[in-house]
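Student: Chains as they are written, first to last, in my numbering: chain B, 1 to 366; chain S, 367 to 520.
Note that CB positions come from ideal geometry on N, CA and C, so glycine has one too.
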């Protein structure tokens, strides 16, 4: 009884708490990193006043959001208006339940050290060998990648609902743009992922990483076109520049969240940045070997294993987030017709062609 | 063909990225003004000061009135009395209206004894107009040493 509770309730709950806290903290400091980097790109300093080099700035900003007045426009749909940020934010968090931060035996050392404090050795072994508890992830679902994309599509619904419920022109335009953009880019995104799935022949993110280890090569070298397309469509999916048309401060005054203030705006903000981390994590998992160190099967590089696998994972994600911000500081926003043209006339045919070629090659050699 | 390759390989985008990367790690020009002292040019003209002789502590001003003559805004008023014994003019009061001053520096240019000088202090804001009219005592002390004046940078 005690073991079952531990395996299926206590340990997963602790993992969930750790992941949620880590993601929220990462989101907070991602905003700091973004402001710092954008500042440096523009030869400014970025936040410097709150804490050492502005390190406490995210906390100050969060506090400001919480104590600000929460305004709901008079003719807005109150229920949907207050629901929409949640619809945007919760899926962004849910996605992290299936993202593997480390190998399936990541926590066995820690559990072996902690569990004997309240369990006898036999049940410690049973808990550890149950196969559910030791993984560096909350859940190893065999349809993880499907789950990620279905759930994150729900998040986009939050943007559309928010824009619609505001009963205001700019948010509505932002929502319209967002739905058009998501429809066009999610198709290409799906096709690039399909070509990775063809190579890996599994839908589980953990298995995809392990397949990469077995193959001795990260899938970015097997599927370079798919990776480039995935990255560009990922920028579009997360509303990041140069695809941030749903927000478009200069034309739409913030787009779908124009009418939002205070805490609800903060939740939209969190959702967007969590989405960035999600897309980066998936890109790392699918294409850059997830938690694996560089050259996972080269023995003489074994000293790289001294760095924990979580750290490798986080370092790779960090590189992606850096590139996200770097791209934002470099490129201007696309026009809407350009966005549609790239989406339907370039990315989609390329993704389909890539998928067909992959399928043909896989058929020939398997 | 080459143009097509440039577009396919995103050459221009990578050029742009290289440029922003170079700027990311280049020198920052921001001056953290209230926290750090601003670097002023040597010839910067700020708050006026009426200099005393460093040895005797007597004023260097000989009440020649040249500064008042030179001032395009007529904001300097030099008052003096003639000492009956030495036949020299003795300065009694010197007013300088900083609210009208355009910091042209003609007064210090024309001064034969370097008595009036525009220093590098620039935090001249006050809470009322009256205190923009500086009298002799204030001018001799120098702006940064006047009581109640908050120096923002250390």
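(1) Leaving aside the five residues before and after residue 147(B) along the sequence, list all residues of the same chain whose C-beta is less than 7 Å from its C-beta, in chain order.
(2) Identify every residue that forms a DSSP beta bridge with residue 415(S).
(3) Check whether chain S comes within 8 Å of residue 31(B), counting only Cβ atoms and requiring the distance to be less than that.
(4) Exposed or buried, residue 244(B), counting other C-beta atoms within 10 Å across all chains shown (16 or more means buried)?
(5) Could you tell me which residues DSSP puts in a beta bridge with residue 442(S)?
(6) Which parts of the region 10-81 of chain B are runs of the alpha helix (DSSP H), unbroken and 4 residues or longer, counting only runs that do not cross its ends?
(7) At 4 residues or longer, and completely inside the region 154-191 of chain B: list those alpha helix (DSSP H) runs for me, N to C.
(8) Taking only beta-carbon positions, decide if residue 404(S) is within less than 8 Å of chain B.
(9) Let me make sure I understand the geometry here. Which of 182(B), 331(B), 315(B), 233(B) has the alpha-carbon closest to that of residue 26(B)?
(10) Measure the C-alpha to C-alpha separation of residue 239(B) and residue 472(S) and round it to an integer number of angstroms.
(11) Can you confirm whether residue 382(S), when its beta carbon is compared against all beta carbons of chain B, has any partner nearer than 8 Å?
(12) Whether or not the region 188-199 of chain B and the region 250-270 of chain B are in contact is what I'm after, with contact meaning three or more pairs of Cβ atoms, one per stretch, closer than 8 Å; do they touch?
(13) In terms of alpha-carbon separation, which member of 164(B), 96(B), 298(B) lies closest to residue 138(B)?
(14) Tell me whether residue 41(B) is buried or exposed, calling it buried when 16 or more other Cβ atoms sit within 10 Å of its Cβ.
(15) Do three or more CB pairs link the region 304-318 of chain B to the region 216-236 of chain B at distances below 8 Å?
(16) Going by C-alpha distance, which of 323(B), 180(B), 295(B), 217(B) is nearest residue 343(B)?
(17) If we ignore side chains and look at the alpha-carbon of each, how far apart do residue 506(S) and residue 456(S) end up?
(18) On the criterion of 16 or more Cβ atoms from any shown chain inside 10 Å, does residue 354(B) qualify as buried, or is it exposed?
(19) Could you compute how far the alpha carbon of residue 368(B) sits from the alpha carbon of residue 81(B)?
(20) Would you kindly report the start and end of the unbroken alpha helix (DSSP H) that includes residue 491(S)?
(21) Would you mind working out which of 54(B), 8(B), 28(B), 265(B) sits nearest residue 166(B), comparing C-alpha positions?
(22) Have a look at 431(S), 416(S), 430(S) and flag the residue whose alpha-carbon is nearest the alpha-carbon of residue 424(S).
(23) List, in order along the chain, the chain B residues whose C-beta lies closer than 8 Å to that of residue 387(S)?
(24) Between residue 335(S) and residue 495(S), how many whole angstroms is the CB-CB distance? I'm expecting something under 8 Å.
(25) Helix, strand or coil for residue 447(S) per DSSP?
(26) Mind pulling the chain B residues with CB within less than 7 Å of residue 486(S)?
(27) Could you pull out every residue in the same chain whose Cβ sits closer than 6 Å to the Cβ of residue 34(B), ignoring the five residues on either side in sequence?
(28) If I measure Cβ to Cβ from residue 234(B) and keep anything under 6 Å in the same chain, skipping five residues before and after, which residues do I get?
(29) Alpha carbon to alpha carbon, what distance is there between residue 332(B) and residue 246(B)?
(30) Considering only residues of the same chain and omitting the five flanking positions on each side of residue 31(B), which have a CB-CB separation below 6 Å?
(31) Looking only at its own chain, which residues have a Cβ that is under 6 Å from the Cβ of residue 439(S), when we skip the five neighbours before and after it?
(32) Check the Cβ-Cβ distances between residue 335(B) and every residue of chain S, and say whether any is below 8 Å.
(33) Tell me, which residues are paired with residue 425(S) by DSSP?
(34) Is there contact between the region 150-166 of chain B and the region 99-116 of chain B, where contact requires at least three CB pairs shorter than 8 Å?
(35) Comparing alpha-carbon positions, which option in 178(B), 112(B), 17(B), 321(B) lies nearest residue 276(B)?
(36) With residue 372(B) and residue 162(B) assumed to form a contact (beta carbons below 8 Å), what rounded beta-carbon distance in angstroms separates them?
Tutor: Checking against the coordinates, here is how it stands:
(1) Hits under 7 Å: 98, 141.
(2) As computed with DSSP, residue 415(S) is found in a beta bridge with 483(S).
(3) Closer than 8 Å: no.
(4) When all chains shown are included, residue 244(B) counts as buried.
(5) Its beta-bridge partners are 462(S).
(6) Qualifying alpha helix (DSSP H) stretches, in chain order: 11-41, 57-67.
(7) Qualifying alpha helix (DSSP H) stretches: none in this window.
(8) Not one beta carbon of chain B lies nearer than 8 Å to the beta carbon of residue 404(S).
(9) Among 182(B), 331(B), 315(B), 233(B), the Cα nearest to that of residue 26(B) is on 315(B).
(10) Rounded to whole angstroms, residue 239(B) to residue 472(S) spans 59 Å at the Cα level.
(11) So, interface residue.
(12) The answer is no - the region 188-199 of chain B does not touch the region 250-270 of chain B, with fewer than three Cβ pairs under 8 Å.
(13) Ranking 164(B), 96(B), 298(B) by CA distance to the CA of residue 138(B) puts 96(B) first.
(14) Residue 41(B) should be labelled buried.
(15) As far as the Cβ criterion goes, the region 304-318 of chain B does not touch the region 216-236 of chain B, which means the pair count is below three.
(16) Answer by Cα proximity: 180(B).
(17) Between residue 506(S) and residue 456(S), the alpha-carbon positions lie close to 15 Å from each other.
(18) Looking at its Cβ environment, which holds 16 or more other Cβ atoms inside 10 Å, residue 354(B) is buried.
(19) The structure shown does not extend to residue 368(B), since chain B is modelled only from 1 through 366, so no value can be given for it.
(20) In the DSSP assignment, residue 491(S) falls outside any alpha helix (DSSP H), carrying neither H nor E.
(21) Ranking 54(B), 8(B), 28(B), 265(B) by Cα distance to residue 166(B) puts 265(B) first.
(22) A check of alpha carbon separations from residue 424(S) across 431(S), 416(S), 430(S) identifies 416(S) as the nearest.
(23) The contacting residues are 326.
(24) Absent from the model: residue 335(S). The displayed extent of chain S is 367 to 520, so no value can be given.
(25) Strand.
(26) Neighbours of residue 486(S) on chain B: none; closest Cβ ~24 Å, over 7 Å.
(27) Here residue 34(B) has 325 as same chain residues with Cβ atoms under 6 Å from its own Cβ, once five neighbours each way along the sequence are excluded.
(28) Excluding sequence neighbours, residue 234(B) sits near 279.
(29) Approximately 14 Å, taken between the alpha carbons.
(30) Residues 58 of the same chain have their beta carbon placed closer than 6 Å to that of residue 31(B), with the five preceding and five following residues left out of the count.
(31) Excluding its 5 nearest sequence neighbours in each direction, residue 439(S) has C-beta neighbours in its own chain below 6 Å: 466, listed in chain order.
(32) By this cut-off, residue 335(B) is not an interface position.
(33) The partner list for residue 425(S) (beta bridge, DSSP) reads 418(S).
(34) The answer is no - the region 99-116 of chain B does not touch the region 150-166 of chain B, with fewer than three Cβ pairs under 8 Å.
(35) Across the set 178(B), 112(B), 17(B), 321(B), the C-alpha of 321(B) shows the shortest separation from the C-alpha of residue 276(B).
(36) Not covered by the structure: residue 372(B). The range shown for chain B is 1 to 366.
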